[in-house]
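Number of protein chains: 2
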Amino acid sequence: MTQEETNTEEKILEAAKNVFLKKGMAGSRMQEIADEANINKSLLHYYYRSKEKLFLAVFRFAVKQFIPGIRDIILSEKPIVRKIEMFVDSYIEILFQHPFVPIFIIQEIQRDPDVLSGALMESGVDPQEILQVFYDAIDRGEIRPINPLEIMLNMLSLCIFPFAAKPVMQRVFFDNNEDAYMRFLEKRKKTVTEFMIKAIKP
Amino acid sequence: MTQEETNTEEKILEAAKNVFLKKGMAGSRMQEIADEANINKSLLHYYYRSKEKLFLAVFRFAVKQFIPGIRDIILSEKPIVRKIEMFVDSYIEILFQHPFVPIFIIQEIQRDPDVLSGALMESGVDPQEILQVFYDAIDRGEIRPINPLEIMLNMLSLCIFPFAAKPVMQRVFFDNNEDAYMRFLEKRKKTVTEFMIKAIKP
DNA sequence: GTCTATATGGCGATAGAC
DNA sequence: GTCTATCGCCATATAGAC
């Protein structure tokens, strides 16, 4: 990216991200990754022993994109409304930078449900710790009584799904005008926050 | 299903649904579909000329699953709140019957964005006609001023995403207990409706 | 480290017997 | 209509020169 003269191993990983994230494991070809990286196909095997190994490197990267920010925001010392606003805002921003990641993860986990476990353990996120924040907010009367899991899942749904379903939605509702759909998604930083807050206020 | 002695062509289509919906076009093998149907591989080519043709038959089926019910409910003569309740309820019910369909459609449209157009035309759904219903409800003061597209997209997000992300959510929040997650999704017929209504009431 | 050439296996598709 | 056998291609992976 910034570094034009990057070493081969990194060039390969970048190229592999571009291809695997868009087309998934089964839909990707090693030749295509090599072309994307402007290197010879056999170099892929020199640096990463197999397609599977290269794929796993990309998968681990993908999972990490969507973990770290969450914890810090939710556990910070702010009113719950402000936490939701920050979460939605930063999550949608990440999705603009990595729009293919969610569908990629969903797709590949159906193929092999175990690939997630390892990547998730490394991240050190404790689901219960997150949910407890919402339980406390309910106790303090900041939000209405509602299963915190619903809050988290609904928030993730409202952020992620519009990116995952972009090709469909763009076609059906936006005449396949990509810019228009992107502007619509940008505005959702505000509208999703508003939607969430109205839905869970006491 | 009910008919044990079904003809070969139908057996093939059923088997193809099972395989394609779970693994997608690139991840599926003709041999696997043949095994699933308990027939010889070359019979697939006898009834459907190619893998692509067989796939398209499955894709058209998938799209149709999620079209017809929508229109009737949204355009019916009922209060908007009741429409939303019925929509969420029936949509989640369809998802219980065909949990792989949304992710399948999303996945394959990324591969080839044109496959949707044909299947969508046949269905005869007019997006503007649907959105107009919400504009009218806003004019009558039944709901707060909000872009109808947000309502539709949010409703679809809240229904679909929890099914698409099932393998992840189940693992992270339910100790990989499938029954528990399914009961949670069943309850969402009520909680999503409630969530939606609170979010858009005037 | 990087290349060309090639091995090896799998998959979609077809030919042809019955 | 259904089967067996096989073709031809393409993809992963490796061998070996430089």
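Sequence order for the protein chains is F and S. The first sequence runs 110 to 311 under the numbering used here. The second sequence runs 110 to 311 under the numbering used here. Even for Gly, the Cβ is constructed at its ideal location relative to N, Cα and C.
Please classify P311(F) as buried or exposed, where buried requires at least 16 neighbouring CB atoms within 10 angstroms.
Within the first sequence, numbered from 1, the residue matching residue 311(F) stands at position 202. It counts as exposed.
How long is the line joining the alpha carbons of N127(S) and R191(F), rounded to whole angstroms?
Indexing the second sequence from 1 puts residue 127(S) at position 18. Indexing the first sequence from 1 puts residue 191(F) at position 82. So the two alpha carbons sit approximately 45 Å from each other.
So, is V200(F) buried or exposed, given that buried needs 16 or more other C-beta atoms within 10 angstroms?
Residue mapping note: residue 200(F) aligns to position 91 of the first sequence, counting from 1. It is Tyr, not Val, that sits at residue 200(F) in the sequence shown. By the neighbour-count rule (16 or more Cβ atoms within 10 Å), Y200(F) is buried.
Cβ contact (3+ pairs, closer than 8 Å) linking the region 132–141 of chain S and the region 124–141 of chain F:
Result yes; three or more Cβ-Cβ pairs closer than 8 Å.
Please name the residue, chosen from L258(S), I121(S), V210(S), A143(S), that lies closest to Q174(S) on a Cα-to-Cα basis.
Translated into positions along the second sequence, residue 174(S) becomes position 65. The residue with the shortest Cα to Cα distance from Q174(S) is V210(S).
Taking a contact to mean a Cβ-Cβ separation below 9 Å, would you say S193(S) touches A274(F) in this structure?
In the second sequence, counting from the first residue as 1, residue 193(S) sits at position 84. In the first sequence, counting from the first residue as 1, residue 274(F) sits at position 165. Per the sequence shown, the amino acid found at residue 193(S) is Ile instead of Ser. The answer is no: Cβ separation not under 9 Å.
Need the endpoints of the alpha helix (DSSP H) that S232(S) sits in, please.
For the purposes of this step, residue 232(S) is taken as the residue at position 123 of the second sequence. Where S232(S) is concerned, the enclosing alpha helix (DSSP H) stretches over 224–232.
Counting only C-beta atoms, is P177(F) closer than 9 Å to chain S at any point?
The count along the first sequence starts at 1 and reaches residue 177(F) at position 68. So, not an interface residue.
What whole-angstrom Cβ distance do I269(F) and L204(F) have, given they're in contact under 8 Å?
Position 160 of the first sequence, counted from the first residue, corresponds to residue 269(F). Position 95 of the first sequence, counted from the first residue, corresponds to residue 204(F). About 7 Å separates the two Cβ atoms, so the contact holds.
What is the rounded straight-line gap between the Cα of T111(F) and the Cα of F129(S)?
The sequence position of residue 111(F) within the first sequence is 2, counting from 1. The sequence position of residue 129(S) within the second sequence is 20, counting from 1. Any reading at T111(F) must be qualified, since the residue scores a pLDDT of 40, below 50, and its modelled position is unreliable; the value itself is stated next. Rounded to the nearest whole angstrom, the CA to CA distance from T111(F) to F129(S) is 41 Å.
Along chain S, which residues have their Cβ under 7 Å away from the Cβ of L262(F)?
On the first sequence, residue 262(F) is found 153 positions in, with the first residue counted as 1. Correct list: P271, M278.
Can you give me the Cβ contacts of T302(S) inside the same chain, cut-off strictly under 8 Å, excluding the 5 residues immediately before and after it?
Locating residue 302(S) in the second sequence gives position 193, counting from the first residue. Cβ within range, chain order: I193, E194, V197, D198.
Pairwise C-alpha distance: N263(F) and F304(F)
On the first sequence, position 195 is the one that residue 304(F) refers to. On the first sequence, position 154 is the one that residue 263(F) refers to. Cα-Cα distance, rounded: 11 Å.
Whose CA, out of V277(F), R253(F), A125(F), V234(F), lies closest to the CA of R280(S)?
Walking along the second sequence from the start, residue 280(S) turns up at place 171. For R280(S), the nearest C-alpha among the options comes from V234(F).
Applying a beta-carbon distance threshold of less than 7 Å, which residues of chain F neighbour E295(S)?
Mapped onto the second sequence, residue 295(S) falls at position 186. Close to E295(S), with beta-carbon spacing below 7 Å, lies no residue of chain F; the smallest spacing is near 13 Å.
Could you work out which residue in I247(F), V172(F), I183(F) is closest to S232(F) when comparing CA atoms only?
Against the first sequence, residue 232(F) aligns to sequence position 123. Per the C-alpha coordinates, the member of I247(F), V172(F), I183(F) positioned closest to S232(F) is V172(F).
DSSP on G136(F), reduced to helix/strand/coil?
Taking the first sequence and counting its residues from 1, the one referred to as residue 136(F) is at position 27. G136(F): helix per DSSP, three-state reduction.
Test: R292(F) CB closer than 9 Å to a CB of chain S
Within the first sequence, residue 292(F) is the residue found at index 183, counting from 1. So, not an interface residue.
Once the 5 residues before and after G250(F) are set aside, which same chain residues still bring their CB inside 8 Å of it?
Taking the first sequence and counting its residues from 1, the one referred to as residue 250(F) is at position 141. Within the same chain, G250(F) has close Cβ partners P311.
Using a beta-carbon distance below 9 Å, is F164(F) in contact with chain S?
Walking along the first sequence from the start, residue 164(F) turns up at place 55. Closer than 9 Å: no.
Rank I306(S), K296(S), I309(S) by C-alpha distance to the C-alpha of E202(S) and give the top, closest one.
For the purposes of this step, residue 202(S) is taken as the residue at position 93 of the second sequence. Minimum Cα distance to E202(S) is reached at K296(S).
Can you find a CB in chain F that lies within less than 9 Å of the CB of M195(S)?
Position 86 of the second sequence holds residue 195(S). No, because no Cβ of chain F sits closer than 9 Å to the Cβ of M195(S).
Enclosing alpha helix (DSSP H) for R191(S) [first to last residue]:
Your numbering for residue 191(S) matches position 82 in the second sequence. R191(S) -> alpha helix (DSSP H) spans 189–206.
Where does E113(S) land, buried or exposed, given buried means 16+ other C-beta within 10 angstroms?
Walking along the second sequence from the start, residue 113(S) turns up at place 4. Residue confidence for E113(S) is low, a pLDDT of 47 falling below 50, so the modelled location carries little weight and cannot support an answer.
Contacting positions in the region 200–220 of chain S - beta carbon closer than 9 Å to chain F:
F209, P211, I212, I214, I215, Q216, I218, Q219, R220
Can you list the residues of chain S that K150(F) reaches, using a CB-CB cut of under 9 Å?
Locating residue 150(F) in the first sequence gives position 41, counting from the first residue. Going along chain S, no residue has its Cβ under 9 Å from K150(F), so there is no contact; the nearest lies around 19 Å.
Can you check whether the C-beta of N256(S) is within less than 9 Å of a C-beta belonging to chain F?
Position 147 of the second sequence, counted from the start, is the residue given in the question as residue 256(S). Yes, N256(S) counts as interfacial toward chain F.
May I have the straight-line CA-CA distance separating K299(S) from F293(S), to the nearest angstrom?
Here the question's residue 299(S) lines up with position 190 in the second sequence. Here the question's residue 293(S) lines up with position 184 in the second sequence. Roughly 11 Å between the two C-alpha positions.
Could you give the DSSP three-state label for I182(S): helix, strand or coil?
Looking up residue 182(S) in the second sequence gives position 73. It is helical.
With a threshold of 9 Å between beta-carbons, can G136(S) be considered close to chain F, or not?
As a working mapping, residue 136(S) is identified with position 27 in the second sequence. Taking Cβ atoms only, chain F reaches closer than 9 Å to G136(S), which makes this a yes.
N- and C-terminal bounds of the alpha helix (DSSP H) containing E217(S):
The residue given as residue 217(S) occupies position 108 in the second sequence. That run of the alpha helix (DSSP H) goes 210–220.
Provide the residue span of the alpha helix (DSSP H) that contains S266(F), from first to last.
Taking the first sequence and counting its residues from 1, the one referred to as residue 266(F) is at position 157. Looking at the DSSP string, the run of the alpha helix (DSSP H) that includes S266(F) is 257–273.
DSSP three-state call for T115(S): helix, strand or coil?
Residue numbering aside, residue 115(S) sits at position 6 when the second sequence is read from its first letter. If DSSP states are grouped into helix, strand and coil, T115(S) belongs with coil.
Do we get a CB-CB distance below 9 Å when we pair I309(S) with the residues of chain F?
The residue given as residue 309(S) occupies position 200 in the second sequence. It does; some Cβ of chain F falls within 9 Å.
Considering only the alpha carbon of each residue, which of P177(F), R169(F), F170(F), I142(F) lies closest to K160(F)?
Taking the first residue of the first sequence as 1, we reach residue 160(F) at position 51. Minimum Cα distance to K160(F) is reached at I142(F).
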